[in-house]
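**Q** Protein chains in written order, with our numbering: chain L, 14 to 162; chain X, 14 to 162. A single structure is presented below for examination.
There are 2 protein chains.
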Amino acid sequence: MKSVGELCEVFRAEGLRITPQRQHIFSALDQLHGTHPTADSLYAAVVDELPTISLKTVYQTLNDLVRVGELTQLDLATGSFRFDTTLDPHHHLVCDDCGAVFDVHADFDAVRPPVGSADQFAVASTEITFRGRCNDCETRPQDPHNNPK
Amino acid sequence: MKSVGELCEVFRAEGLRITPQRQHIFSALDQLHGTHPTADSLYAAVVDELPTISLKTVYQTLNDLVRVGELTQLDLATGSFRFDTTLDPHHHLVCDDCGAVFDVHADFDAVRPPVGSADQFAVASTEITFRGRCNDCETRPQDPHNNPK
DNA sequence: GTCCTTATCTACAACGATTGTTGATAGTGT
DNA sequence: ACACTATCAACAATCGTTGTAGATAAGGAC
Chain L
14 MKSVGELCEV
24 FRAEGLRITP
34 QRQHIFSALD
44 QLHGTHPTAD
54 SLYAAVVDEL
64 PTISLKTVYQ
74 TLNDLVRVGE
84 LTQLDLATGS
94 FRFDTTLDPH
104 HHLVCDDCGA
114 VFDVHADFDA
124 VRPPVGSADQ
134 FAVASTEITF
144 RGRCNDCETR
154 PQDPHNNPK
Chain X
14 MKSVGELCEV
24 FRAEGLRITP
34 QRQHIFSALD
44 QLHGTHPTAD
54 SLYAAVVDEL
64 PTISLKTVYQ
74 TLNDLVRVGE
84 LTQLDLATGS
94 FRFDTTLDPH
104 HHLVCDDCGA
114 VFDVHADFDA
124 VRPPVGSADQ
134 FAVASTEITF
144 RGRCNDCETR
154 PQDPHNNPK
């Protein structure tokens, strides 16, 4: 992903203004790179420094970043959108217990619907999601009351 | 999927009662087999015959069917759960425009996370989702005001 | 067939994630 | 420093889904 400064440039080029809120959100995205944060966890990271920032502002800025192509919005069925700062095409591992998401960088170009099943379907993208349990949840004793999402 | 009668047997065996509501829901699932209906579209199919049935009852019965393993609940990021009466493992094509879902029966057992990316992750399942435009949406002239979800 | 127990039903409120609205605030070019 | 207008915070609304409650009905016993 781009640095905070570069993202500011992109926003300026788009006619969007640079505000303290946005700078802090850019910075939080930078610090949480690789963790596939939710809007809420980014809000939590920013609200310490800007106690009056609203969750709506975080959503708004994330949507703007998605719109200009500097961020990807993932729906991995964990209950809320995850935002991904890794822009090159890749796939994901999702922990069914804690909802943690990990990147899988591998070439699955050979994965295509077999002839006959999609003849009248224009495939634009392929998503591969591996589900299971991450190391932390695997080693932790069974907790039937955990909050998966 | 099982017939309406067989589903009744399963419910009875589980100690669940057979009600007109449940029979109609079973029947609607049978008729909509292969269409990956939402709870709401099943409700719409049943409410004609049982005008006082509540959406909650549909959800409740679908959840019961999922719990006893006679139905699969899919989250394909179309805005609401889809219910799948095809129980053998398979994958999906999802139309980004209209949300239609099609089954892909193919053996993708070779698709596994590469060594290194999931060494500390116990993979339990693999989901492959192809996204694009279905035949109807592809041939239909562009409609910017369609309701994807 | 009738009765009793208890599961299921409907109606309604509540939930969590996300988005719409609005008037106040604050970037940015001049 | 000014004016213009994008952005902000606060609040309400949305949508899909689930919780709660009291009324109703399924199914076994007699």
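From the three backbone atoms N, C-alpha and C, an ideal C-beta is built for every residue, glycine too. Keep in mind it's a predicted model, so treat the numbers as computed, not measured.
1) Looking at the unbroken alpha helix (DSSP H) that takes in X/G18, where does it start and where does it end?
2) Applying the criterion that 16 or more other CB atoms from any shown protein chain within 10 Å of the CB defines a buried residue, is X/Q127 buried or exposed?
3) Would you list, in chain order, the members of the region 124-147 of chain L that have their beta-carbon closer than 7 Å to a beta-carbon of chain X?
4) Around the Cβ of X/H158, are there at least 16 other Cβ atoms within 10 angstroms (buried) or fewer (exposed)?
5) With three or more beta-carbon pairs closer than 8 Å as the criterion, would you say the region 19-26 of chain X touches the region 128-139 of chain L?
6) Quick one: give me the first and last residue of the beta strand (DSSP E) that L/L106 is part of.
7) Who are the near neighbours of L/E83 in its chain, counting only those whose CB is closer than 8 Å to its CB and skipping five residues on each side?
8) Leaving out five residues on either side along the sequence, give the residues of the same chain with a beta carbon under 6 Å from the beta carbon of X/G145.
9) Taking all protein chains shown into account, decide if X/E27 is buried (16 or more other Cβ within 10 angstroms of its Cβ) or exposed.
10) Buried or exposed for X/I141, going by 16 or more other Cβ atoms inside 10 Å?
11) Is it buried or exposed for X/P50, if we count other Cβ within 10 angstroms and need 16 for buried?
12) Kindly indicate which three-state DSSP category X/E83 falls into: helix, strand or coil?
13) Quick one: Cα of L/T152 to Cα of L/C111, how far?
14) Does any residue of chain X bring its CB to less than 8 Å from the CB of L/V117?
15) Under 8 Å Cβ-Cβ, which residues of chain X neighbour L/L106?
16) Under a CB-based cut-off of 8 Å, is L/F39 close to chain X?
17) At what residues does the alpha helix (DSSP H) containing L/R35 begin and finish?
18) For L/V107 and L/T91, what's the separation of their Cα atoms in angstroms?
19) Which residues does DSSP list as the beta-bridge partners of X/R144?
20) For X/V60, report the span of its alpha helix (DSSP H) as first-last.
21) DSSP puts L/D116 in a beta bridge; with which residues?
22) Going by DSSP, what residue range makes up the beta strand (DSSP E) through X/F96?
23) Any Cβ of chain X within less than 8 Å of the Cβ of L/G96?
**A** Taking the definition as stated:
1) In the DSSP annotation of this structure, the continuous segment of the alpha helix (DSSP H) that includes X/G18 starts and ends at V17 to A26.
2) With the sequence shown as reference, residue 127 of chain X is identified as Pro, and Gln is not the correct amino acid for it. Counting Cβ neighbours within 10 Å, X/P127 comes out exposed, since fewer than 16 surround it.
3) V124, P126, P127, S130, A131, Q133, F134, A135, V136, A137, S138, T139, E140, I141, T142, F143, R144, G145, R146 and C147
4) Low local confidence applies: a pLDDT of 47 at X/H158 is under 50, so the model's placement there is unreliable, and no value is given.
5) no
6) Following the DSSP letters along the chain, one finds L/L106 inside the beta strand (DSSP E) bounded by residues H104 to C108.
7) M14, K15, L20, V23 and L100
8) none
9) Label assigned to X/E27: exposed.
10) buried
11) buried
12) coil
13) 13 Å
14) Yes, contact with chain X.
15) P126, S130, A131, F134 and V136
16) False, the Cβ-Cβ gap to chain X never drops below 8 Å.
17) P33 to Q44
18) 8 Å
19) Per DSSP, L/S138 and X/V107.
20) A52 to V60
21) The partner list for L/D116 (beta bridge, DSSP) reads L/H105.
22) Looking at the DSSP string, the run of the beta strand (DSSP E) that includes X/F96 is R95 to D97.
23) Contrary to the premise, residue 96 of chain L reads as Phe rather than Gly in this sequence. Judged by the 8 Å Cβ criterion, L/F96 is not in contact with chain X.
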